[in-house]
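Numbering (our numbering), first residue to last: 331 to 513. For glycine and all other residues, C-beta sits at the position ideal for the given N, C-alpha and C.
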Amino acid sequence: MSVTTYKWTIDRYHQAIAAGVFDDEAIELLRGELIVMPPEREPHAYCNSEAGDYLRAVLGNRAKIREAHPITLPNDSEPIPDLAIVKSLGAVYREHHPYPDDIFWLIEFSNATLSKDLTEKRAVYAEAGISEYWVVNLKANEVKVFRDSDGSDYITEVTYNTGQISPLAFADVQIAIRQLTNP
Numbered sequence: 331m332s333v334t335t336y337k338w339t340i341d342r343y344h345q346a347i348a349a350g351v352f353d354d355e356a357i358e359l360l361r362g363e364l365i366v367m368p369p370e371r372e373p374h375a376y377c378n379s380e381a382g383d384y385l386r387a388v389l390g391n392r393a394k395i396r397e398a399h400p401i402t403l404p405n406d407s408e409p410i411p412d413l414a415i416v417k418s419l420g421a422v423y424r425e426h427h428p429y430p431d432d433i434f435w436l437i438e439f440s441n442a443t444l445s446k447d448l449t450e451k452r453a454v455y456a457e458a459g460i461s462e463y464w465v466v467n468l469k470a471n472e473v474k475v476f477r478d479s480d481g482s483d484y485i486t487e488v489t490y491n492t493g494q495i496s497p498l499a500f501a502d503v504q505i506a507i508r509q510l511t512n513p
């Protein structure tokens, strides 16, 4: 006997949210599947918040920093990255969450979700054409930077423990690794 699962579309997912089906449950949509998000522990919440403040100071009005808010991707995904560095489009985001063309790069802070962030989310973001994706491994105090999507995965992967990173969208900006891993 084969098992059939129901795949959600973005439209159906939004209808269910509007109808209160999920009762404010912390979930995200990845490739049409509902994923329950684990509770956020203190180190994760602290680093995410501090990094968001740091990036706002570094980037100024060049980008909008969205903390733990959905993005909408064409592969029936609406993940909730820890930080999405997006174009400052103002009230446009009242009508829809950022689309791939609106996103400069994404950051996930990982403690309990490292495996999912390095596999499932990495693939979903690469498929959607997100040009740059960073995973901050809070246990190892390192940042994995993924770039150059080929439509199914990222071709380039570099791990940083110290120093600085320049995001592709802002080559003139230096982001200190320590401000992300151990603020």
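- In this structure ILE340 is not in contact with GLU425, their Cβ atoms being roughly 14 Å apart against a cut-off of 8 Å.
- VAL465 places its beta carbon 9 Å or farther from that of LEU360.
- GLN509 sits away from SER496, with the two beta carbons spaced by 9 Å or more.
- Excluding its 5 nearest sequence neighbours in each direction, GLN494 has C-beta neighbours in its own chain below 7 Å: GLN504, ILE505, ALA506, ILE507, listed in chain order.
- When beta bridges are read from the DSSP output, ASN467 appears opposite SER440, GLU472.
- Counting the other CB atoms within 10 Å of its CB gives THR402 a total of 16 or more, which places it among the buried residues.
- Using a Cβ distance threshold of 9 Å, TRP435 and GLU462 count as a contacting pair.
- The closest CA to that of ASN441, considering only ALA348, PRO369, SER418, GLU358, is found on PRO369.
- Annotation: VAL454 is outside any beta strand (DSSP E); the continuous alpha helix (DSSP H) that includes it extends over 450–457.
- In summary, ASP412 is buried, with 16 or more beta-carbon neighbours lying within 10 Å of its beta-carbon over all protein chains present.
- Nearest C-alpha to LYS474 among ALA348, LEU448, TYR376, ASP432: LEU448.
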